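Protein chains in written order, with this note's numbering: chain A, 1 to 409; chain B, 410 to 598.
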């Protein structure tokens, strides 16, 4: 062994046989000793052992050298774009505080109550979905259209879904139905043909009672529609002559309207109208809660929260900035479903109430010619003021709101 | 980062302060990125994984109660993602990737030494890639990321004694794999 120099070992890549250490346990702790991760008594013992053991001295020098060689291995630095990507992927800032230590005991009864209510709610939803909904092929949708469900009269038991807009067999999803059909009714009330008036509905046995008073409701998210085309390019407001039809898919719908409103106003724009393509939605002329429609049809505080289609107008110079601002709220994509349903197939009754400009934009403002006093336009129709606004240097964006469906459901 | 600063930072993030999260990102982005690069072996996957990790951290901070140090918790989240990535990909032995070794800084001043260092780094990388995942994890966390035994144990959810023995065995195995190279360097210095 002694005749071999270090160079020869290096050439053939082998290692000289290390002298054996009589104390195997201490030998195994050399790395911890090097890292300073050893308790004082053991460290003292090992130090005394090292004074006597050549094998351990050799090994400890090798470990030290190897550790030093590894220090320089990781030198990669992330690209600057990564930081921006991470920040852009964060959800909107929400204030959330961790529960203080020791509050679990007080929280338990509330948790139990909440859990019980959740179980009841899930059970009720399951029963309604499975008992009242005819089976339909499950689709792979992610988008859920935001819409408002007005109070359902007793003679109508179809929700605000829009079956005529969904082609048969294309991405249909079970829709939660509300109410029970009258006994003995044989016609499928969910048949799109039936809803489009091609078949006469069966006679109703119960006349509609008075609409009960209701508190302003948050939007609920019943109707499922086709998945918006995710990969399609978002149209540029500057490239189009007419209003830009966009879809905004969001996860969190809390104060969504206010967030959109703030962004639009910050860019010098305004919300022209808020409509819904649901026939039952208040702004589309369906039944209106009593509180939401006082005589005279003046400004109503809750009304602007109803609807799923916003028509926005911003100066042309800020159109792209608005797109960027909307992207902070969710995924922006071209408006899906453009089923050009002729209005003759789907009569839209004249709305009893149309939100005023001050309702939509949160305060007194100068009224546009076509907003406030006139009925909001249905989503498919291009606003008549669009071309005019274009000529005046403003862009019109028709924004459909969707809530992203949890993939777990 | 001092414990008080950490607590303050967490409190600000929980209150919805986006700037505070950017501070956290400044402190941990590179470390987490290097960790994910070790596990993925590709820049694109490492970036995706890093993004996922920070998104999880942002969401998880709402429930963070300060039971452990912030850094330890962040590494725990990061390791969970990395181990999940490995489980899905079933990458047991990463191939040596040129991307992981950068040229030494002193390339211009001493090209020969720089070349030697680069060669050594390449050999160490190759040896690392031949270790078992368990051994590699402790080496990455302790030697490359600079975590203490206690922090490595918390990140991997194993006892400190396990970390100690794994690290000792991993180094012994690494030394055997590197063989003569280490011997040569040891005897000539």
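All C-beta atoms, glycine included, are put in the ideal place defined by N, C-alpha and C. The structure displayed is predicted, hence computed values, not measured ones.
Check: Determine contact between the segment 410-420 of chain B and the segment 317-331 of chain A, defined as no fewer than three beta-carbon pairs at a distance below 8 Å.; Outcome: no
Check: Apply the 10 Å Cβ neighbour rule to residue 482/B and answer buried if 16 or more other Cβ atoms are within range, or exposed otherwise.; Outcome: buried
Check: I'd like the span of the beta strand (DSSP E) that includes residue 315/A, first residue to last.; Outcome: 309-315
Check: What are the partner residues of residue 245/A, as DSSP defines its beta bridges?; Outcome: 398/A
Check: Rounding to the nearest angstrom, what Cα-Cα distance links residue 399/A and residue 424/B in this structure?; Outcome: 31 Å
Check: For residue 576/B, name the three-state secondary structure that DSSP assigns.; Outcome: helix
Check: If you follow the alpha helix (DSSP H) that residue 38/A is in, where does it begin and where does it stop?; Outcome: Run containing residue 38/A: none; DSSP gives neither H nor E here.
Check: Can you list, in chain order, the residues of its chain whose CB lies under 6 Å from that of residue 395/A, leaving out five sequence neighbours each side?; Outcome: 237, 314, 316 and 319
Check: Just how far apart, CA to CA, sit residue 382/A and residue 92/A?; Outcome: Low confidence applies here, because residue 382/A scores a pLDDT of 44, under 50, leaving its location unreliable; read the following figure in that light. Looking at the two C-alpha atoms, the distance is approximately 31 Å.
Check: With distances taken from CA atoms, which of 522/B, 480/B, 542/B and 537/B is nearest residue 559/B?; Outcome: 480/B
Check: Please tell me whether residue 262/A has its Cβ less than 8 Å away from any Cβ of chain B.; Outcome: no
Check: Under 9 Å Cβ-Cβ, which residues of chain A neighbour residue 497/B?; Outcome: Residues of chain A passing the Cβ test: none, with the nearest at roughly 17 Å.
Check: If the cut-off is 7 Å on Cβ atoms, which residues from the segment 442-467 of chain B count as contacting chain A, listed in chain order?; Outcome: 442, 443, 446, 456, 459, 460, 463, 464 and 467
Check: Please identify the residue among 258/A, 265/A and 310/A whose C-alpha is closest to the C-alpha of residue 243/A.; Outcome: 310/A
Check: Please tell me whether residue 579/B and residue 569/B are closer than 8 Å, where the distance is taken between their beta carbons.; Outcome: no
Check: Taking buried to mean at least 16 other C-beta atoms within 10 Å of its own C-beta, is residue 577/B buried or exposed?; Outcome: buried
Check: Quick one: what does DSSP say residue 567/B is sitting in, helix, strand or coil?; Outcome: coil
Check: Per DSSP, residue 274/A is paired with what?; Outcome: 310/A
Check: Does the contact criterion of 3 or more C-beta pairs under 8 Å hold for the segment 72-88 of chain A versus the segment 44-51 of chain A?; Outcome: no
Check: Using a Cβ cut-off of 9 Å, which residues of the segment 574-591 of chain B contact any Cβ in chain A, in chain order?; Outcome: 574, 576, 577, 578, 579, 580, 581, 583, 584, 585, 587, 588, 589, 590 and 591
Check: Am I right that residue 359/B and residue 72/A are in contact with their C-beta atoms under 8 Å? What's the rounded C-beta distance?; Outcome: Given a span of 410 to 598 for chain B in the structure shown, any question on residue 359/B remains unanswerable.
Check: Where do the ends of the beta strand (DSSP E) carrying residue 332/A lie?; Outcome: 331-334
Check: For residue 85/A, go through chain B and note every residue whose CB falls closer than 8 Å to its CB, in chain order.; Outcome: 456 and 460
Check: Take residue 24/A as the anchor and find which of 497/B, 574/B, 584/B and 449/B has the nearest alpha-carbon.; Outcome: 574/B
Check: Which value, in whole angstroms, describes the spacing of the CA atoms of residue 37/A and residue 401/A?; Outcome: 57 Å
Check: Taking the straight line between their C-alpha atoms, what separation do you get for residue 74/A and residue 265/A?; Outcome: 48 Å
Check: Does the segment 444-451 of chain B come within contact of the segment 424-436 of chain B, defined as at least 3 CB pairs closer than 8 Å?; Outcome: no
Check: For residue 21/A, which residues in the same chain have their Cβ closer than 7 Å to its Cβ, ignoring the five residues on either side in sequence?; Outcome: 27, 53, 55 and 56
Check: Just the chain A side, please: which residues come within less than 7 Å of residue 533/B by C-beta, in chain order?; Outcome: 69, 70 and 73
Check: DSSP state of residue 250/A, grouped into three classes?; Outcome: strand
Check: Quick check: the Cα distance between residue 416/B and residue 475/B, rounded to an integer number of angstroms?; Outcome: 7 Å
Check: Within 10 angstroms of the Cβ of residue 555/B, are there 16 or more other Cβ atoms? Answer buried if so, exposed if not.; Outcome: exposed
Check: Apart from the five residues on each side of it in sequence, which residues of its chain come closer than 7 Å, Cβ to Cβ, to residue 434/B?; Outcome: 463
Check: Residue 433/B by DSSP, collapsed to three states: which one?; Outcome: helix
Check: In angstroms, rounded to a whole number, what distance separates the CA positions of residue 528/B and residue 588/B?; Outcome: 15 Å
Check: In three-state terms, what does DSSP make of residue 423/A?; Outcome: Only positions 1 to 409 of chain A appear in the structure, and residue 423/A is not among them; the question remains open.
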